[in-house]
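Novice:
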Amino acid sequence: MKFSVASAVFAVFAAATTVLSAPFDNLVTTVAPFGSGATSVPDALAIHSQLQVVAATINRSNTDAKATTPVPLSDSDGESILSIMRQIEPVQMKAVELLKSKKTTFVGLVPFPVSTVINLPAIIKGDAVAIRDAETVLSASLVAISGASAKAEIKAIGDRLVGSMSSLAQFY
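FYI, in mature numbering (1 follows the signal peptide of the UniProt record, and there is no 0) the residues of the sequence shown are -21 to -1, 1 to 151.
(1) Is L52 closer than 8 angstroms to S118 when the C-beta atoms are compared?
(2) Taking the alpha carbon of S40 as the reference point, which residue from L24, V86 and M64 has its own alpha carbon closest?
(3) Does DSSP classify S40 as helix, strand or coil?
(4) Compute the Euclidean distance between the alpha carbons of S80 and A74, then round it to the nearest angstrom.
(5) Do V20 and L88 have their CB atoms nearer than 8 angstroms?
(6) Look at D138 and L30 and say whether their C-beta atoms are less than 8 angstroms apart.
(7) Tell me whether G87 sits in a helix, a strand or coil according to DSSP, three-state version.
(8) For F150, which three-state DSSP category applies?
(9) Could you tell me the alpha carbon to alpha carbon distance between P69 and D22, rounded to whole angstroms?
(10) Under 8 angstroms between the Cβ atoms of V141 and I133?
Structural data, given as structure tokens:
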């Protein structure tokens, strides 16, 4: 079987982008039990750390997307990108809803005046902004490299992902 350079480069990008699912799954797993039972500042900081992993992973995927050549990608490669985005979207939406449901816990975890130094809601908001910004860039990169048949849906899913992080940032 003969592979072109384009398919080899795309395979590397697709493998890297598929890794996006794991940080979102881990985020949901980390956030879900937060607030039930004994909850501590280290628990909140574990969520912050996982949010940072998500942002870093998205940024790495963006670097890979920008390195993908030649472009535009084939329709089948565009479908592969769509498949990955379709897997990520419901998990991110669940993570955002869970994080919104935990705001009261974040607020009440650190009493005043310590809360003026360790402002957990502001930390979560900052993480949401970082993810939103990374997703904005990645979405634009994916639309730019994709073939015509996938562009509209990639943009639509990207817009929903960015919108969910924007709503989380506004909520916090």
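The beta-carbon is built from N, C-alpha and C at its ideal position, and this holds for glycine as well. Please read these numbers as outputs of a predicted model, since none were measured by experiment.
Specialist: So, to answer that:
(1) Position 139 of the sequence shown, counted from the first residue, corresponds to residue 118. Position 73 of the sequence shown, counted from the first residue, corresponds to residue 52. Against a cut-off of 8 angstroms, the Cβ pair of L52 and S118 comes out as no contact.
(2) Taking the sequence shown and counting its residues from 1, one reaches residue 40 at position 61. Of the candidates L24, V86 and M64, the one whose C-alpha sits nearest the C-alpha of S40 is M64.
(3) Your numbering for residue 40 matches position 61 in the sequence shown. Residue state, collapsed to three classes: helix.
(4) Reading the sequence shown from its first residue, position 101 is the one you call residue 80. Reading the sequence shown from its first residue, position 95 is the one you call residue 74. If you take the alpha carbons of S80 and A74, they lie about 10 angstroms apart.
(5) Locating residue 20 in the sequence shown gives position 41, counting from the first residue. Locating residue 88 in the sequence shown gives position 109, counting from the first residue. Closer than 8 angstroms, so yes.
(6) Position 159 of the sequence shown, counting from 1, holds the residue named residue 138. Position 51 of the sequence shown, counting from 1, holds the residue named residue 30. Cβ distance not < 8 angstroms, so D138 and L30 don't count as in contact.
(7) Here the question's residue 87 lines up with position 108 in the sequence shown. Three-state DSSP puts G87 in a helix.
(8) The count along the sequence shown starts at 1 and reaches residue 150 at position 171. The answer is helix: DSSP assigns F150 an H, G or I state.
(9) Residue mapping note: residue 69 aligns to position 90 of the sequence shown, counting from 1. Residue mapping note: residue 22 aligns to position 43 of the sequence shown, counting from 1. Their backbone Cα atoms lie some 24 angstroms apart in a straight line.
(10) Here residue 141 is taken as the residue at index 162 of the sequence shown, counted from 1. Here residue 133 is taken as the residue at index 154 of the sequence shown, counted from 1. Result no, Cβ atoms of V141 and I133 do not sit closer than 8 angstroms.
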